[in-house]
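Written out below as C-alpha cells is the structure these notes cover.
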Amino acid sequence: ITNRADSSSPAVKRWSTQQPNEPQQSKSPNSPVLSDGLGLSHIWMVANRAEMVAELSQNGDKVHFELYFQTTALPPETSLLPQRAGIVSLSPRWEVLGLDDSGIARKSLVMNLEKALPDANVQMYGKDAAEVEEFERAALERADVIILDQNIDVDGQELYGSTILTKLRKRGYRGFACVRSGNSAQADKELSLKSGAQWHVGKEVPIPEMIRQLRREYDAFMLNQENESRLG
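Structure follows, in C-alpha cells:
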C-alpha cells in the first residue's frame, strides 16, 4: 500500500516486524494515542504469529506499507460439512450470518466464506445499531451459523458479542455460534462458551484458516446434535 506522506509530519522511520517490538513514540504532542505506535505494535504481534513480514518505510513524499507471506494452493472446498453418513444440513441452503463493526472485516469474511462455501448464503451486519437489531432478527429467523465479533462499537455504544449471543440463546437460537475476539485468554474463551458459543476463535487466526477450523467445529456440533436426537 502506498500513500502520500503528510508534509507537516516528521519523516517515517523505517520499521519492520523482523525487528524487536519497540514503541514508536510520536514527537508531536497533538498526535492521537492510537497513532503513537500502538497500531504498529498490534501489527507486529499478528504478523509474527501468522509467520508474515510487515514493513513500513518512506521514500520521498511516498509512505509504503508492505506485507509478505507464503501461500499454499489447496483443493476448492465446496461444503461446510464433509459428507458423512447420517449427517444432513439444517437447511437446503446454508445461512451464515456475521456481526462485526469493522467494514474491512465484514468484506473479508464475506469474500472468504463465499469462496470456501459456494452453497452458502453469507450476510454480514454491524455498520450501525440498526444493523445489530437486524442481525438478531435474521439469526432467529434463518441462521445455521452465526459469527459474532466480541467487541462491537456502533453509534457510540459498546456492545459485546457474548452478551448478544446470550440473548439469542434465551430467545430460542439453536444453531452453531462462534465468537471471534482479539483476546484469546482462557477467561475470554470461557465467557464465550458460557454465553452459548460452540467455539471461540482469536482474530490472530487468518480468516481462511479460521474457516477450515470452523468446518471441523461445525462437524463436531452436528455429530453432537445427531447423538442427542438419537438418545432423545
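Numbering (my numbering), first residue to last: 35 to 266.
In this text, a Cβ means the ideal position worked out from N, Cα and C, and glycines have one as well.
Computed from a predicted model, the values in this text were never measured in an experiment.
- Query: DSSP three-state call for residue 252: helix, strand or coil?
  - Reply: The count along the sequence shown starts at 1 and reaches residue 252 at position 218. Of the three classes helix, strand and coil, the one that applies to residue 252 here is helix, per DSSP.
- 6 Å CB neighbourhood of residue 37 in its chain, flanking five on each side removed: Here residue 37 is taken as the residue at index 3 of the sequence shown, counted from 1. For residue 37, where only same-chain residues beyond five positions count, the Cβ hits under 6 Å are 97.
- With residue 202 as the anchor, note down where its alpha helix (DSSP H) starts and where it stops. Sequence index remark: in the sequence shown, residue 202 carries index 168 (1-based). 195-204 is the span of the alpha helix (DSSP H), which, as asked, contains residue 202.
- Query: With residue 51 and residue 77 assumed to form a contact (beta carbons below 8 Å), what rounded beta-carbon distance in angstroms separates them?
  - Reply: Here residue 51 is taken as the residue at index 17 of the sequence shown, counted from 1. Here residue 77 is taken as the residue at index 43 of the sequence shown, counted from 1. Contact holds; Cβ gap of about 7 Å.
- Message: Could you compute how far the alpha carbon of residue 74 sits from the alpha carbon of residue 258?
- Response: Along the sequence shown, read from residue 1 onward, the residue named residue 74 stands at position 40. Along the sequence shown, read from residue 1 onward, the residue named residue 258 stands at position 224. Taking the straight line from one Cα to the other gives about 42 Å.
- Tell me whether residue 140 is buried or exposed, calling it buried when 16 or more other Cβ atoms sit within 10 Å of its Cβ. Taking the first residue of the sequence shown as position 1, residue 140 is located at position 106. Flag for residue 140 reads buried.
- Please name the residue in 255, 188, 261, 95 whose C-alpha comes closest to that of residue 166. The residue given as residue 166 occupies position 132 in the sequence shown. Answer by Cα proximity: 188.
- Task: On a CA-only basis, which of 158, 99, 83 is nearest residue 47? Give me that one, please.
- Result: Reading the sequence shown from its first residue, position 13 is the one you call residue 47. Of the candidates 158, 99, 83, the one whose C-alpha sits nearest the C-alpha of residue 47 is 99.
- Three or more C-beta pairs closer than 8 Å, one from the region 195-212 and one from the region 144-155: is that the case here? no
- Message: Check whether the region 157-173 and the region 130-144 touch, using three or more Cβ-Cβ pairs below 8 Å as the test.
- Response: yes
- Item | Close-in-space but distant-in-sequence residues of the same chain around residue 227 (CB under 7 Å, 5 per side omitted) | As a working note, residue 227 is residue 193 in the sequence shown. Once the five neighbours on either side are set aside, the close Cβ partners of residue 227 are 234.
- Message: Can you tell me whether residue 214 is helix, strand or coil according to DSSP?
- Response: Position 180 of the sequence shown, counting from 1, holds the residue named residue 214. Strand, per DSSP.
- Task: Pull up the DSSP beta-bridge partners for residue 183, would you.
- Result: In the sequence shown, counting from the first residue as 1, residue 183 sits at position 149. According to DSSP, which records beta bridges pairwise, residue 183 is partnered with 214.
- Query: Helix, strand or coil: how does DSSP classify residue 157 here?
  - Reply: The residue you call residue 157 lines up with position 123 of the sequence shown. Three-state DSSP puts residue 157 in a strand.
- Count the other CB atoms within 10 Å of the CB of residue 162; is the residue buried (16 or more) or exposed (fewer)? If you number the sequence shown from 1, residue 162 lands on position 128. Residue 162 comes out exposed.
- Task: Mind reading off the beta-carbon distance from residue 207 to residue 173? Whole number of angstroms is fine, and I expect it under 8 Å.
- Result: Along the sequence shown, read from residue 1 onward, the residue named residue 207 stands at position 173. Along the sequence shown, read from residue 1 onward, the residue named residue 173 stands at position 139. Their Cβ separation, rounded to whole angstroms, is 6 Å, which keeps residue 207 and residue 173 in contact under 8 Å.
- Query: For the alpha helix (DSSP H) that residue 226 lies in, which residues bound it at each end?
  - Reply: Start at 1 with the first residue of the sequence shown, and residue 226 comes out as number 192. Element bounds for residue 226: 220-228.
- Query: Is the beta carbon of residue 229 sitting closer than 7 Å to the one on residue 199?
  - Reply: The count along the sequence shown starts at 1 and reaches residue 229 at position 195. The count along the sequence shown starts at 1 and reaches residue 199 at position 165. Contact flag set, yes.
- Give me the Cβ distance between residue 209 and residue 186, rounded to the nearest whole Å; I'm assuming they're in contact under 8 Å. Here the question's residue 209 lines up with position 175 in the sequence shown. Here the question's residue 186 lines up with position 152 in the sequence shown. No, residue 209 and residue 186 are not in contact; Cβ-Cβ is about 20 Å, not under 8 Å.
- Message: Let me check understanding here. Comparing Cα to Cα, which of 143, 190, 202 lies closest to residue 170?
- Response: As a working note, residue 170 is residue 136 in the sequence shown. Among 143, 190, 202, the Cα nearest to that of residue 170 belongs to 202.
- Would you decide whether residue 263 is buried or exposed? Buried here means 16 or more other CB atoms lie within 10 Å of its CB. Translated into the one-based positions of the sequence shown, residue 263 becomes position 229. It is exposed - the Cβ of residue 263 has fewer than 16 other Cβ atoms within 10 Å.
- Helix, strand or coil for residue 264 per DSSP? Within the sequence shown, numbered from 1, the residue matching residue 264 stands at position 230. Reduced to three states, the DSSP call for residue 264 is helix.
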